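A.B. asks: Residue numbers (this note's numbering), protein chains in the order written: chain A, 65 to 261; chain B, 65 to 261.
We treat Cβ as the ideally placed atom computed from N, Cα and C, and that holds for glycine.
Note that the coordinates shown come from a computational prediction; the quantities given were computed from them, not determined experimentally.
Just passing along the structure, written as structure tokens.
2 protein chains.
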Amino acid sequence: MQELAAVGYGRLSIEAVARRAGVSKTAVYRRWRSKLELVLEIVSAAAGQRFPLPDTGDLRGDLEMLFLIMTRALGHPLAAQIIPDLLAEAARNPQIAQTLQGALRSNQRDIGGQLIGRAIARGELGPDTDVDVAVDLIVGPLYWRLAVARAPLAVEDLPRLAAAVAAALEVACLPSVPDEPDVRLSGVVPMADSGGS
Amino acid sequence: MQELAAVGYGRLSIEAVARRAGVSKTAVYRRWRSKLELVLEIVSAAAGQRFPLPDTGDLRGDLEMLFLIMTRALGHPLAAQIIPDLLAEAARNPQIAQTLQGALRSNQRDIGGQLIGRAIARGELGPDTDVDVAVDLIVGPLYWRLAVARAPLAVEDLPRLAAAVAAALEVACLPSVPDEPDVRLSGVVPMADSGGS
DNA sequence: CAGCGACGGTACGGTTGCGTCCCGACGTGT
DNA sequence: ACACGTCGGGACGCAACCGTACCGTCGCTG
């Protein structure tokens, strides 16, 4: 994993892995037939761990807890380096895409489903919330911040972020957004209101 | 750019570029001294274009417009392939990081600053909004959706997303979020106000 | 037309990585 | 002690790529 983080999947070579591990290529080839298999295995092993998300009692608390976990996970330099790399590679390599799908995203959908399911049961969200959109709103900002922009995020900012995302989720699960006809390209709108329900 | 999208930065070779372009390596080496210079130049050329974001009159409209532009940009298969790749590579290569910083992120901060500045001027957001957090909330979900999860996003979903993000921004710019004891976000749908103060 | 400078292409040595072959080391059973 | 199977390591042939040296071509200019 260190080698993968250091040079990326594209430049990863069996020789370098063996070198870094202090063994010879043969030892590596005896266990994995190709670098794809090797990477798929360590990714599955590392990212496939499912963990339960504790129920804190309300949506904001759950979000804050999830953000804390994500911050810790993406705070690891190895993860912050490897995950975006593999996600980019997944667009090229269906095998990697499938493995990541099975390891990361289904896990996220799982947790997102739990989180949203609880919120719906509590009445915090509408019953017909789109899980996909909800996952986008939940993991998008934090992923962008930590993995893409690579800016640090203080733990004391998490409550604010959780509150903001909770508000977004509440709005996103409303049945429809009625106003805004097709005048968005025509310039100034007299700004009737910002919150017509 | 096609070669870059096809094999990624790590595996990009001058020979392959020359082959795909139908010229010889020498012709390439005469113009760029290394593959890094080549990539930096095409990235600057492609992503450095600044464009003004039209003022639609309210925050949600501005967001929707921005989302429409981003959807188009990230909808290009080349961009959707190259941008995550380079962002992952930027974590390894300071030169790429710096160029991307100058091209993509400062642009985003610029646009985000415009958008938020207008919203503050309109009274839709509080005056001490953190631009960084706001940018996270704005671009995070859409980037995740289009570039990471690579799921399609229908244009008719943009208004809903814009409304959700606007709600998140309104909450995020509140001065402070007193956590645990109160549950005011739990059941209430906070559509009543459009301005913080 | 001759000379000149810019340009593009081919060919070359050197490096790196791949995948495989063969050999020695080690532990085990007879 | 000896045969045997397993394991790891060094070495090999092969292919891709790097960066450069050399050479032919083209267009301009005197």
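1. Near Gly177 (chain B), what residues of its chain come up, given a Cβ to Cβ distance below 7 Å and the 5 sequence neighbours on each side ignored?
2. By how many angstroms is the C-alpha of Ala230 (chain A) removed from the C-alpha of Phe115 (chain B)?
3. Output, in chain order, the set of chain A residues within a Cβ distance shorter than 7 Å of Leu68 (chain B).
4. Leu225 (chain A) lies in the alpha helix (DSSP H); which residues open and close that run?
5. Which of the three DSSP states, helix, strand or coil, is assigned to Pro216 (chain B)?
6. Ala70 (chain B): which of B:Ile147, B:Arg97 and B:Asp119 sits nearest, CA to CA?
7. So which residues of chain A does Asp174 (chain B) contact, with C-beta pairs closer than 7 Å?
8. For Asn157 (chain A), which three-state DSSP category applies?
9. Show which residues of chain A have a CB atom less than 8 Å away from the CB atom of Arg169 (chain B).
10. Just to confirm, is the Cβ distance from Leu127 (chain B) to Leu150 (chain B) under 9 Å?
11. Compute the Euclidean distance between the alpha carbons of Gln172 (chain B) and Ile180 (chain B), then round it to the nearest angstrom.
12. Would the beta-carbon of Val197 (chain A) fall within 9 Å of that of Tyr207 (chain B)?
13. Smallest Cα separation from Arg264 (chain A): which of B:Pro158, B:Pro141, B:Gln159 and B:Arg156?
14. If we cut at 9 Å on Cβ distances, does Asp192 (chain A) have a partner in chain B?
15. Taking the continuous alpha helix (DSSP H) assigned at Pro205 (chain A), which residues delimit it?
16. Cβ atoms of Leu76 (chain A) and Val103 (chain A): under 9 Å apart, would you say?
17. Just to make sure I have the definition right: I need the residues of chain B whose C-beta is within less than 9 Å of the C-beta of Leu179 (chain A). Which are they?
18. Take the Cβ of Glu153 (chain B) as the centre, count every other Cβ of all protein chains shown within 10 Å, and call the residue buried at 16 or more, exposed below.
19. Going along the segment 65-92 of chain A in order, which residues come within less than 9 Å of chain B, judged by CB to CB distance?
20. Starting from the Cα of Asp27 (chain A), find the closest Cα among A:Tyr73, A:Cys237, A:Gln113 and A:Trp96 and give me that residue.
21. I want to verify the contact list: residues of chain A whose CB lies under 8 Å from the CB of Arg156 (chain B), in sequence order.
22. Between Leu201 (chain A) and Thr135 (chain A), is the Cβ-Cβ spacing less than 9 Å?
23. Can you give me the Cβ contacts of Gln66 (chain A) inside the same chain, cut-off strictly under 8 Å, excluding the 5 residues immediately before and after it?
24. At the 9 Å Cβ level, is Met255 (chain B) part of the contact set with chain A, yes or no?
25. So, does the CB of Leu225 (chain A) fall closer than 9 Å to a CB anywhere in chain B?
26. Scan the segment 92-107 of chain A for residues whose Cβ lies nearer than 8 Å to a Cβ of chain B and list them as they occur along the chain.
27. Confirm, please, whether the CB-CB distance from Leu225 (chain B) to Ala236 (chain A) is below 9 Å.
28. Using a beta-carbon distance below 9 Å, is Pro205 (chain B) in contact with chain A?
29. Under DSSP, the alpha helix (DSSP H) around Leu68 (chain B) begins and ends at which residues?
30. Entirely within the segment 118-164 of chain A and at least 4 residues each: give me those alpha helix (DSSP H) ranges in chain order.
31. Are any of the Cβ atoms in chain A nearer than 9 Å to that of Pro245 (chain B)?
32. Counting only C-beta atoms, is Arg209 (chain B) closer than 9 Å to chain A at any point?
33. By how many angstroms is the C-alpha of Ala144 (chain B) removed from the C-alpha of Ala215 (chain B)?
C.D. replies: Quick answer:
1. Same-chain partners within the cutoff: Val195.
2. Cα to Cα, the separation comes out at about 32 Å.
3. Contact note: Leu68 (chain B) does not reach chain A at a C-beta cutoff of 7 Å; the least C-beta distance is about 11 Å.
4. Residues Leu222 to Ala236.
5. Coil, per DSSP.
6. Of the candidates B:Ile147, B:Arg97 and B:Asp119, B:Ile147 places its Cα closest to the Cα of Ala70 (chain B).
7. By Cβ distance, chain A contributes nothing, its closest Cβ being about 15 Å from Asp174 (chain B), past 7 Å.
8. Of the three classes helix, strand and coil, the one that applies to Asn157 (chain A) here is coil, per DSSP.
9. The contacting residues are Ala213.
10. Remark: C-beta atoms of Leu127 (chain B) and Leu150 (chain B) do not approach each other more closely than 9 Å.
11. The alpha-carbon atoms of Gln172 (chain B) and Ile180 (chain B) are separated by roughly 12 Å.
12. Cβ distance not < 9 Å, so Val197 (chain A) and Tyr207 (chain B) don't count as in contact.
13. For residue 264 (chain A) there is no data in the structure shown, the boundaries of chain A being 65 and 261.
14. It does not; no Cβ of chain B falls within 9 Å.
15. Val195 to Tyr207 is the extent of the alpha helix (DSSP H) around Pro205 (chain A).
16. If you check the CB distance, Val103 (chain A) and Leu76 (chain A) come in under 9 Å.
17. Those do not exist, as Leu179 (chain A) stays about 14 Å from chain B at its closest Cβ, beyond 9 Å.
18. By the neighbour-count rule (16 or more Cβ atoms within 10 Å), Glu153 (chain B) is buried.
19. Contact residues of the segment 65-92 of chain A toward chain B are Ala69, Ala70, Val71, Gly72, Tyr73, Gly74, Arg75 and Leu76 (C-beta to C-beta distance below 9 Å).
20. Residue 27 (chain A) falls outside the range modelled here, since chain A spans only 65 to 261, and no answer is possible.
21. The CB of Arg156 (chain B) comes closer than 8 Å to the CB of Ala70, Val71, Gly72 and Gln145 in chain A, given here in chain order.
22. Contact: no.
23. Sequence-distant Cβ neighbours of Gln66 (chain A) in its own chain, meaning closer than 8 Å and more than five residues away, are Arg84 and Leu142.
24. At Met255 (chain B), the pLDDT of 42 sits below 50, so the modelled position is not reliable and the matter cannot be decided from this model.
25. Under the Cβ distance rule, Leu225 (chain A) counts among the residues neighbouring chain B, one pair being separated by less than 9 Å.
26. In summary, no residue of the segment 92-107 of chain A has a CB separated from any CB of chain B by less than 8 Å.
27. Cβ atoms of Ala236 (chain A) and Leu225 (chain B): closer than 9 Å.
28. Yes, Pro205 (chain B) lies at the interface with chain A (some Cβ there is under 9 Å from its Cβ).
29. Annotation: the continuous alpha helix (DSSP H) that includes Leu68 (chain B) extends over Gln66 to Arg75.
30. Whole alpha helix (DSSP H) segments, 4+ residues: 123-139, 141-154 and 158-164.
31. At Pro245 (chain B) the pLDDT is 47, less than 50, meaning the model places this residue with poor confidence; the figure from the coordinates comes in the next sentence. Contacts with chain A at 9 Å (Cβ-Cβ) do not include Pro245 (chain B).
32. It does; some Cβ of chain A falls within 9 Å.
33. Taking the straight line from one Cα to the other gives about 11 Å.
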